[in-house]
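All the letters of the sequence shown, read from the start, carry residue numbers 1 to 429 under UniProt numbering. Don't be surprised by glycine CBs; every beta carbon is placed ideally from N, CA and C.
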Amino acid sequence: MPWSKMPASPRFVFALFLSALLPLWLGAVRLSVAQEGNAQENAAGPDDGRLLGAEQAIRMRGELTHCRQRWTETGRGTVAFLGGSITEMQGYRPLVMASLRQRFPEVEFQFVNAGIASTCSHTGAFRLHHDVLSAKPDLLFVEFAVNDDQDAGHSYQDAVRGMEGIVRAAKSVEPTMDLVMIHFVNESMLETVQAGGVPISIRAHESVAKHYGISTCNVAEALASRIQAGTMTWKDYGGVHPGAAGNRLAADLVDQLLDRAWSKDIATPTDTADPSNAADPLPEPLDVANFDHGRFLSPDQIDLGPGWQHEVPAWKSVAGSLRSRFENQPLTYSDQPGAELRIDFSGSAVGLYVLAGPDAGQVQYSIDDGPWQTLDLYHRFSLGLHYPRTVVLGAGLERGEHQVRVRVGSQHDPRSRGTAVRVVQFVAS
């Protein structure tokens, strides 16, 4: 029956029915579009690895044969763990260490804890050489999904640039180094997974892992599966910083990956046809502006003007808590508006690794005599803590020699008590 000839009462009821269905239909469309976008960025292919485990939360790419062969042949091994507080704390890391010792009782291991609370993949890329590669690890575990999400609030592009910088630098310095990426989770990320999506940071890091053939353990997916099955809750897991059950979940995923990767006998070193005896060449970068040349700049590349000091601050007279790792570290600092310094570097990116506390101010900067820009150092976690973070002043610059002028701004965030700029390291890539 045509709509115009339908009696008024049925028309009214039908209109109500349509109005009730419309939000549900739009919601389904939005979820479908989001999932399609996730699928496009993580499209499965022949090189996308094998899904393992009851929760299908392990993506195996490669066999992790280089480190195993080296340990077996030499009786010595170096394993590094890079990440934020989830790595730094006594969590999943000691469990994985214990598992490796049990698997290889004859190997003398050196373990490197390169976790620094609050820091993101950008800081990780810039400190990689100093904190990790200097130890020449055979195997590297890396996690930054949570910190790239809740601490840095990185976009997809920024999360790729940090993680790709880490992976590409590690593989450039030591082509046979094995890597495993672990995706931890916070509450909002978990909600995204439970709704059928993939959190931005995990999407970005997983795209890097796929591109470079790196195995991943997705704690977020495993936890969501267990919650759905009724075998674990967010409270059981322990929160953003996992408790005993959450850390055991992560370590068990790593163990399942290692069980599968090392299920075969080691090929003899003379077997040149075995891929474990040669490193694959690096593919073209996903993002040419990634931080694969990340490093700390040397003091002779920094020209301090009047008003700047380089020493251990008198922390007892400064409001705000300070983590012990920074207590005796000399910093480059000033709180005098207009105080200027100059950075000379070669590369395509430059930034400041800072402590941003209750009195954090702003920096004004000009790259290669370009326009002056302003960047606020104060972070939402700066209220009672001298919070470690990296701010990138310029990225994607033409690779080559650059000069940056930096000065202390006269303004500050309304929540801040001052104009302080405290630099732990000047960084570049």
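- Sequence-distant Cβ neighbours of V167 in its own chain, meaning closer than 7 Å and more than five residues away, are L179, V208, Y212 and I214.
- In the DSSP annotation of this structure, the continuous segment of the beta strand (DSSP E) that includes P388 starts and ends at Y387 to G394.
- Under a 10 Å Cβ-count criterion, W71 is classified as buried, with 16 or more other Cβ atoms of the shown protein chains found around its own Cβ.
- Taken through DSSP and simplified to helix, strand or coil, D280 comes out as coil.
- In this structure, DSSP gives H379 a state outside helix and strand, which the three-state scheme calls coil.
- Taking the Cβ atoms as the reference, Q110 lies roughly 5 Å from T78, within the contact range of under 8 Å.
- In the assembly as shown, G196 is an exposed residue. Its beta-carbon has fewer than 16 other beta-carbons within 10 Å.
- In this structure, the straight-line span from the alpha carbon of G62 to that of F104 is close to 20 Å.
- In this model, G83 and S366 are separated by some 31 Å (Cα to Cα).
- DSSP places V173 within a helical segment (H, G or I) once states are collapsed to three.
- Bridge pairing for N218: H183 [DSSP].
- Annotation: the continuous beta strand (DSSP E) that includes S366 extends over Q362 to I367.
- Leaving aside the five residues that flank P175 on each side, the residues in its chain whose CB is nearer than 6 Å to its CB run, in chain order, A279.
- With three or more CB-CB distances shorter than 8 Å, the stretch 292-308 counts as touching the stretch 118-130.
- For S298, there are no CB contacts under 8 Å within the same chain when 5 residues up- and downstream are skipped.
- If you check the CB distance, A80 and A114 come in under 8 Å.
- The continuous alpha helix (DSSP H) containing R70 extends over residues T65 to T74.
- Secondary structure at H129: helix, using DSSP grouped into helix, strand and coil.
- Ranked by Cα distance from E164, the first of H130, L286 and P388 is L286.
- When the alpha-carbon of A420 is set against those of Q364, Q90, D131 and N290, the nearest one is in Q364.
- Each of D335, D158, E187 and Q102 was checked against the Cα of H241, and the nearest Cα belongs to E187.
- In the structure shown, Q157 falls within a helical segment according to DSSP collapsed to helix, strand and coil.
- Contact check for R260 and M60: beta-carbon distance about 6 Å, within the 8 Å limit, so the pair qualifies.
- By the Cβ-count criterion, W308 is buried, with 16 or more other Cβ atoms from all chains shown falling within 10 Å of its own Cβ.
- Per DSSP, the beta bridge partners of G347 are G400.
- Bridge pairing for G77: F109 [DSSP].
- Under the three-state reduction of DSSP, I266 is assigned to coil, being neither helix nor strand.
- Straight-line measurement puts the Cα of G246 at about 25 Å from the Cα of L64.
- The three-state reading of DSSP puts M60 in strand, counting E and B together.
- At the C-beta level, L352 and V391 come within 8 Å of one another.
- As summarised for the stretch 211-257, the continuous beta strand (DSSP E) elements at least 3 residues long and confined to that stretch are 215-218, given in chain order.
- Apart from sequence neighbours up to five positions away, the residues of its chain that approach R415 with a beta-carbon distance below 8 Å are Y378, S382 and L383, ordered along the chain.
- By the C-beta density criterion, H412 is buried, having at least 16 other C-beta atoms within 10 angstroms.
- Burial state of Q90 is exposed, judged by a 10 Å Cβ sphere holding fewer than 16 other Cβ atoms.
- At a Cβ-Cβ threshold of 8 Å, V132 and I182 do not count as neighbours.
- By the CB criterion at 8 Å, P388 and S201 fall outside the cutoff.
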